[in-house]
Every structure is written in structure tokens, then in C-alpha cells.
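Enquirer: If you count the sequence shown from 1, you need to add 234 to reach the numbering used here.
After the C-alpha cells below, expect a handful of questions from me.
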Amino acid sequence: MTPDHSLSGPKNLILKAALRLLPAALLALTVSALDAPKVHAAELAKDLFGHTPLPAALPAKSYGFYSKGCFSGGIAIANDGPTWQAMRPSRNRRWGHPAMIKLVEKLSRDAVADGWPGLMLGDISQPRGGPMLSGHASHQIGLDADIWFTPMPDRRLSPAEREKIGAVSMIKSKELTVNEKVWTPAHARLLRRAASYPEVERILVHPGIKKKLCDTVTGDRGWLQKVRPFWGHDSHFHIRIGCQPGSTECKKQAATTKGDGCDKSLAWWFTEEPWRPSKDPDAPKARDVMTMAALPKACRAVIDAPSPVSEAAVTYRGNGTMIAIAPEMQPQTAGLPETASAFLPDFDVPVPLPQRRPEH
Ligand SMILES: [Zn+2]
């Protein structure tokens with residue numbers, strides 16, 4: 235299970251969620267008899283977002299923050315591509331903002347050109363983002379992707395294998411340092427390649443991996459600034475890209491601290507403090523109690539928006555091919571001009587804001 239990915243710390247998140255929930259719950263109680271639509275606001279967001287099989291056929295936009303938001307206009311990366319295989323297909327988490335999906339595909343191609351055998355893809359987002367039924371705190375706005383440190387095998391894995399096979403940890407069992415039997419310079423090269431893209435703001439890795447890079451990277455070390463130590467992430471790394479143009483309601487994450495990060499902030503991870511067991515291990519996780527009311531308002535419209543006609547119509551297969559959509563396969567975006575579709579080949583066209591739903 236991947237732990238909390240936001241940098242505010244799991245306890246803080248839970249506290250904040252609890253504080254937000256309180257007024258929402260009271261509001262829902264007081265208005266429920268008079269105003270039925272507001273009752274929806276108290277619905278658990280993970281139940282809605284975790285059970286919606288296709289994206290919102292609206293322009294591509296992220297709403298809110300990585301650990302509290304949603305997105306529209308998502309596309310999927312295919313389960314199979316020439317330079318990748320997606321793992322855990324049953325979770326249906328191959329979705330992301332088109333910029334994220336394009337970046338993952340590009341990384342897979344560049345990595346292979348660098349000598350890496352191909353990418354094993356972990357979770358990206360649910361079709362419309364939002365909190366998940368299990369796992370991640372972040373990955374909610376289509377701008378986070380997990381990539382396994384395990385190199386892609388030279389054969390296609392069966393669907394059953396993709397559910398079962400586990401990623402290999404790069405960290406020695408019960409220790410905080412890299413296992414030299416599995417870590418290779420090619421792993422460092424893969425991280426450097428991922429960090430090289432301007433849209434990538436952060437790459438989360440286990441502190442032991444960050445330390446290994448600090449100890450071994452020579453020449454240009456500027457890219458190390460993006461590589462941040464975090465819990466989990468010993469068998470996969472996590473790529474986070476910034477808010478994309480047009481997503482005016484996407485909340486930016488604070489910039490990373492200048493420098494390579496091979497300093498006191500890293501040394502902290504090698505103290506006892508970050509690994510202390512939680513004082514309240516049974517406290518609910520933020521994603522498990524997050525209501526629709528806690529998410530940006532636009533997330534209600536994202537959940538209510540129509541789906542594209544099929545998954546295939548919004549699946550990116552890579553190799554330089556863009557999604558070509560036959561007229562009958564156009565997403566059902568009634569009322570929106572054609573250029574507003576996030577599924578058209580040019581994702582960078584300026585698009586109008588989605589229509590606000592009338593207030594009740
Ligand atoms: Zn992740």
C-alpha cells in the first residue's frame with residue numbers, strides 16, 4: 235500500500251479533513267429536509283470517483299490539489315504499448331490529464347533509448363480522479379504517476395500476472411539503504427531522464443534511494459532537486475507534474491527547496507522520528523472520509539458529466555500516434571464547441587471553461 239504522498243503529513247491531513255467534515259456534516263443535517271441536492275455533498279467522494287468507469291467528456295482540467303481534487307477530460311494510457319506494460323489493470327487507474335499520459339509515454343520511449351527495457355506502469359489516476367477506494371492519498375487530479383523500479387520483462391505479462399506480480403524493493407529488508415543486488419546505474423539514469431522534463435516538478439523516492447543518488451551522481455546534479463525523499467516508494471517512483479495551462483482551479487504545490495537536497499532535510503529521514511509508529515493507527519485516512527463537499531465545487535460537475543462513447547476512443551497507444559476519433563466516437567460534449575474537446579489531437583488549443591451547473 236502506498237502511503238500519503240502529500241507533504242503535509244498524514245496526521246495533518248486527517249485533522250484537516252476532520253475539521254472540514256464537521257461543518258459539512260452539520261450543514262447536511264440542517265438542510266437535508268429542505269434542499270435535497272445538498273445531501274449529495276455529504277456523500278463519500280471515493281464511492282463516486284472509485285466507481286465511475288470512464289472520464290468526464292469535458293476539456294482537460296485539474297481541480298483542487300494533488301491530495302484533494304478531481305479532473306475532467308482524462309485519457310488512458312493503453313494497457314500495452316511498445317515500450318510499456320500497465321500493471322494492476324483491474325484497478326482502472328491508467329487515467330490522467332493528457333499532459334501526464336503523454337509524458338509517461340514519452341518517458342517510456344526515452345528510457346528505452348537510454349537502454350532501459352521498458353516501463354512497468356503503476357497507478358496514475360481514476361478516470362475522473364478524486365480519492366480512491368484504497369491506496370494513495372494523492373493521484374487525485376491526473377498529474378501523478380507511479381512507475382515501477384522493476385524493469386519490464388521481455389515478454390507480455392498475462393492479465394493474471396499483472397494483478398499478481400509484485401514490484402521488487404530497492405531497499406534492504408528492515409533497513410534504510412539501497413540493496414546493491416538490485417539497484418543499478420540504469421535505475422539512476424531512469425530517474426535522471428524522468429527529472430529532465432520541464433513539466434515534472436517532483437519525483438518521490440524512498441530516502442535510501444535519494445541517499446544513493448546523493449552519494450553517487452557525478453557531473454550535473456541539478457536534477458536531484460526534483461527527487462524528493464518520501465515514505466513508501468522503495469519499489470516504485472512517483473512522478474508529479476505541475477498544474478497544466480487552462481487549469482485555473484488547480485492548486486500549485488510549493489516549489490522545492492533550492493539545491494540538491496543532500497542535506498539536513500535528507501539526514502532527518504535517517505533518524506528515528508519519521509519511522510515512529512502512529513499514535514493513532516486506527517484513525518481514518520483523509521481519502522476515506524472525504525465528502526463531495528470537501529472537494530472543489532467543480533468536482534460535482536465532473537462526476538455528473540457525460541462519458542465519452544468508449545474507452546478505446548480515449549486511450550492513448552503511443553508511438554507518436556495521437557488519438558484519432560471517428561465522428562461517431564466523438565465524446566458526447568453536447569453544447570460545447572468541437573475545439574473544446576480534450577480528446578482532439580491538439581490538446582493545447584485554448585478551450586472555454588466548462589459550464590457551471592445552476593445553483594439550487
Ligand atoms: Zn504514487
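The beta carbon of each residue, even a glycine, is placed where N, CA and C say it ideally should be.
Does the beta-carbon of PRO293 have 16 or more other beta-carbons within 10 angstroms, so that it is buried, or is it exposed?
Expert: With 16 or more Cβ atoms within 10 Å of its Cβ, PRO293 is classed as buried.
Enquirer: Is the Cβ-Cβ distance between VAL461 and LEU425 less than 8 Å?
Expert: Their beta carbons are under 8 Å apart, which means VAL461 touches LEU425 by this criterion.
Enquirer: Taking only the alpha-carbon atoms, compute the straight-line gap between ASN313 and PRO323 and give it to the nearest angstrom.
Expert: Taking the straight line joining both Cα atoms gives about 7 Å.
Enquirer: Let me know if ASP538 comes out buried or exposed under the rule of 16 or more other beta-carbons within 10 Å of its beta-carbon.
Expert: Exposed: under 16 other Cβ atoms inside 10 Å.
Enquirer: Using a Cβ-Cβ cut-off of 7 Å (strictly less than) and excluding sequence neighbours within five positions of SER296, which residues of its own chain qualify?
Expert: Here the set comprises GLY303, PHE305, HIS331, ILE375, GLY376, LEU377, CYS477, GLN478, SER481 and CYS484.
Enquirer: With VAL434 as the anchor, note down where its beta strand (DSSP E) starts and where it stops.
Expert: Counting along the chain, the beta strand (DSSP E) containing VAL434 begins and ends at 434 to 439.
Enquirer: For CYS533, which of helix, strand or coil comes out of DSSP?
Expert: Here CYS533 sits in helix by DSSP.
Enquirer: Assign ILE608 to one of three DSSP states: helix, strand, or coil.
Expert: The structure shown does not extend to residue 608, since the chain is modelled only from 235 to 594, so the question has no answer here.
Enquirer: If the criterion is Cβ atoms closer than 8 Å, does the pair GLU433 and LEU353 meet it?
Expert: In this structure, LEU353 does not lie closer than 8 Å to GLU433 by Cβ.
Enquirer: Counting pairs of Cβ atoms below 8 Å between the stretch 413 to 432 and the stretch 461 to 475, do you hit three or more?
Expert: Touching, per the Cβ criterion.
Enquirer: According to DSSP, what are the bridge partners of LEU295?
Expert: Looking at the sequence shown, residue 295 is not Leu but Lys. Paired residues: SER306.
Enquirer: Along the chain, which unbroken stretches of the beta strand (DSSP E) at least 3 residues long are found entirely within the stretch 341 to 398?
Expert: The qualifying runs are 353 to 355 and 378 to 382.
Enquirer: Kindly confirm or deny that the stretch 500 to 517 and the stretch 352 to 372 touch, where touching means at least three C-beta pairs closer than 8 Å.
Expert: No, because fewer than three Cβ pairs between the stretch 500 to 517 and the stretch 352 to 372 fall closer than 8 Å, the two stretches do not touch.
Enquirer: Taking 7 Å as the limit between beta carbons, can you name the residues of its chain near VAL346, skipping five residues before and five after?
Expert: Here the set comprises THR317 and GLY352.
Enquirer: If you draw a straight line from the alpha carbon of THR450 to that of ASP494, how long is it in whole angstroms?
Expert: Looking at the two C-alpha atoms, the distance is approximately 13 Å.
Enquirer: Going by C-alpha to C-alpha distance, which of MET404, ALA276, TRP350 and ALA379 sits closest to ALA310?
Expert: Looking at the Cα atoms, ALA379 is the closest of the given residues.
Enquirer: Could you give the DSSP three-state label for VAL461: helix, strand or coil?
Expert: Correct three-state label for VAL461: strand.
Enquirer: Please state the DSSP three-state secondary structure of ALA320.
Expert: DSSP places ALA320 in strand when its eight states are reduced to three.
Enquirer: In the structure shown, what three-state DSSP assignment does THR525 receive?
Expert: Here THR525 sits in strand by DSSP.
Enquirer: What number of angstroms, rounded off, separates the C-alpha of LYS444 from the C-alpha of VAL543?
Expert: Cα-Cα distance, rounded: 43 Å.
Enquirer: Since I believe SER359 is in contact with GLY308 (beta carbons under 8 Å), could you give me their beta-carbon distance rounded to a whole number of angstroms?
Expert: That pair is a contact at about 7 Å.
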